[in-house]
Amino acid sequence: MHFNLLHIFIGLFLCFRTILAAADFYKVLGVSKDASEADIKKSYRQLTKQWHPDKNPGDEEAQEKFIEINKANEVLSDPERRKIYDAYGEEGLNGQPRGGPGGGGFPGGGFGFDPFADIFENMFGGRRRQNAVRRGPSIEQVAQIDLASFYTGGIMEVEFPVKRICHICHGKGYNPKYSEDKAIHSCPICGGVGFRVLEHMIAPGFRQQMRIPCDACGGRGRSIKHRCPHCKGERVAEVREKFTVEVPAGAPQDFRVTFSGKSDEIPGLEAGDIVIILQEAGEQNGWIRKGNDLYRKETISYQQALLGNWKKRITKLDGSFFEIKRSSGEVIHPGQTDRVKNQGMPIYNTQKGKTTSAFGNAFIEWEVRFPKKLKGKFLKDLNNLFSKYEDTDEL
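Residue numbers -21 to -1, 1 to 374, in mature numbering (1 follows the signal peptide of the UniProt record, and there is no 0), belong to the letters of the sequence shown in order.
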């Protein structure tokens, strides 16, 4: 009887805890629990733009919000992890370390004491990774390169601002001339841990303990009195770094190159990735790209359009050329487009991750340059010529 009653109370508690935990990440991203992957992705992009540290320099709250948004997205964007989170809450995610002392703002702090965790880990054979390293957010950077570089491929360098652990204070945030005891002041309310423990009775004989951020210090636990002169207490400083990018010939628009562990550094977290997205800078030497094909406009005289009998060299993006010609009497109409096979972009196989030997097509749209006005003997002779042949099949 007592054993069954215990199970009932534990089950009710877990359901209550699951509902609270599951709603947390959805609330962070501002979506409902039944939100689609597209809704989650859209909300995540909007929030990261709003709270990105680069747009909120020196704002600790924005940095913490940015980390929280990325953490929520890491779980909800992964179908398997989202399923576990919906069923068991954050504690049910494998590899999510449970919080300990340290306090928000100085990594190592956490929230969510679970008095039943050990019981259920023993019942179901669960195992925690106490020392799992949390990963910081990844960053996407857009680099615009010219169309010729997409055509030929090659190695190029792009430069972006990134945040690195301050080399003066080594990520501590305070002036190294002072000792930590003198430079850092602990919150007198929470004792420097960044949270307070609240206890609630959920059933006779059962109490739930919850850790909530300390409202006196905003969950930071400690404040810096003597800030580092270089990073101003931020523990990280912005630097510009060069990244060597290998562009394969024919790489598609929005081609992504990932640099693992090169994202912004955050003390206590493993750095995420920088993903460089390559985009075309626009038209180049008259060429524009549409998929694997290239398009351009060429101008010819009205004599060439009517009489034919000419050759024209078209310069390609790599400096070489191909030739287009017209036989005598072959007429070109304004706006007429010719397709030239195998003179487009090199074709990149995205599945195999390499450039093939095939090429797309080139499309040439003809523009005819007409005189502004016909007059004199030329106009008279032209009228006589058209009058002479208007009833024949030779026109």
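The C-beta atom is built at its ideal place from N, Cα and C for all residues, glycine as well. Quick caveat, the model's predicted, so the values are computed rather than measured.
Buried or exposed (CB count within 10 angstroms, at least 16 for buried), residue i
{"i": "K44", "result": "buried"}
{"i": "M180", "result": "exposed"}
{"i": "L281", "result": "First, the amino acid is wrong: residue 281 is Tyr here, not Leu. By the 10 Å Cβ count, Y281 comes out exposed."}
{"i": "G270", "result": "exposed"}
{"i": "E23", "result": "A small fix is needed here, since residue 23 is Tyr in this sequence, not Glu. Buried."}
{"i": "K241", "result": "buried"}
{"i": "I134", "result": "exposed"}
{"i": "G37", "result": "exposed"}
{"i": "K351", "result": "exposed"}
{"i": "E244", "result": "buried"}
{"i": "G355", "result": "exposed"}
{"i": "P116", "result": "buried"}
{"i": "L55", "result": "buried"}
{"i": "Y368", "result": "exposed"}
{"i": "T329", "result": "exposed"}
{"i": "I191", "result": "exposed"}
{"i": "L364", "result": "exposed"}
{"i": "N49", "result": "buried"}
{"i": "V218", "result": "exposed"}
{"i": "L177", "result": "exposed"}
{"i": "L26", "result": "buried"}
{"i": "G150", "result": "buried"}
{"i": "A66", "result": "exposed"}
{"i": "K34", "result": "exposed"}
{"i": "Q29", "result": "exposed"}
{"i": "F174", "result": "buried"}
{"i": "Q42", "result": "buried"}
Where the alpha helix (DSSP H) containing residue i begins and where it ends
{"i": "S165", "result": "Run containing S165: none in the alpha helix (DSSP H); it sits in the beta strand (DSSP E), 163 to 165."}
{"i": "G355", "result": "355 to 368"}
{"i": "L55", "result": "39 to 55"}
{"i": "residue 392", "result": "Past the boundaries of the shown model lies residue 392; the chain is included only from -21 to 374, so the question cannot be answered."}
Residues near residue i by beta carbon distance below 6 Å, same chain, minus five either side
{"i": "G212", "result": "G152, I203, R206"}
{"i": "N288", "result": "S307"}
{"i": "G229", "result": "M324, P325, I326, Y327, T334"}
{"i": "A51", "result": "F4, V7, L8"}
{"i": "P208", "result": "none"}
{"i": "F234", "result": "L257"}
{"i": "F139", "result": "Q120"}
{"i": "Q283", "result": "W289"}
{"i": "I98", "result": "Summary for I98: the model assigns pLDDT 39, below 50, so the residue's position carries little reliability, and this model does not support an answer."}
{"i": "E344", "result": "K276, T316"}
{"i": "A195", "result": "C166, I168"}
{"i": "V236", "result": "V224, I255"}
{"i": "N110", "result": "Reliability of the predicted coordinates at N110 is poor, the pLDDT of 49 falling under 50, and the value obtained from them is presented with this limitation in mind. Closer than 6 Å at the Cβ level, and outside the excluded window around N110, lies no residue."}
{"i": "R305", "result": "G287, W289"}
Sequence-distant residues of its chain with Cβ nearer than 7 Å to residue i (five each side left out)
{"i": "S239", "result": "D252"}
{"i": "H31", "result": "F45"}
{"i": "R114", "result": "L248, E249, G251"}
{"i": "H164", "result": "R201, S202, K204"}
{"i": "P155", "result": "I147, C148"}
{"i": "C145", "result": "C207, H209, C210, R214, V215, A216"}
{"i": "R61", "result": "V54, L55"}
Residue range of the beta strand (DSSP E) that includes residue i
{"i": "V254", "result": "253 to 259"}
Other residues of its chain near residue i: CB distance less than 8 Å, five sequence neighbours each side excluded
{"i": "L285", "result": "V310"}
{"i": "C(-7)", "result": "Its pLDDT being 47, under 50, C(-7) is placed unreliably in this model, and the value from its coordinates should be taken loosely. Result list for C(-7): empty, nothing under 8 Å."}
{"i": "F338", "result": "N271, N321, Q322, G323, M324, P325, I326"}
{"i": "D125", "result": "E259, A260, Q263"}
{"i": "R268", "result": "L126, F129, Q232, E259, Y274, M324"}
{"i": "I19", "result": "L8, V10, N52, L55, S56"}
{"i": "L361", "result": "L353"}
{"i": "E136", "result": "K221, F222, T223, V224"}
{"i": "F301", "result": "R292, I293, K295, V319, Q322, A341"}
Min CB distance residue i to chain D below 9 Å
{"i": "Q322", "result": "In summary, chain D is missing from the structure at hand, where a single protein chain is found."}
Any non-hydrogen atom of the ligand NAP within 8 Å of residue i CB
{"i": "Q42", "result": "Among the ligands in the structure shown, none appear at all, so the ligand NAP cannot be discussed."}
Ignoring anything shorter than 3 residues, give me the beta strand (DSSP E) runs that lie fully in the region 173 to 242, in order along the chain. 174 to 182, 185 to 192, 201 to 203, 215 to 226, 234 to 238
Secondary structure, beta strand (DSSP E): runs of 3+ residues fully inside the region 267 to 340: 267 to 269, 272 to 280, 287 to 294, 300 to 307, 316 to 319, 325 to 328, 333 to 338
Take every Cβ of the region 191 to 200, pair it with every Cβ of the region 124 to 134, and state whether three or more of those distances are shorter than 8 Å. no
Just list the beta strand (DSSP E) runs in the region 109 to 142, keeping only unbroken ones of 3 residues or longer that don't cross its boundaries, in chain order. 118 to 124
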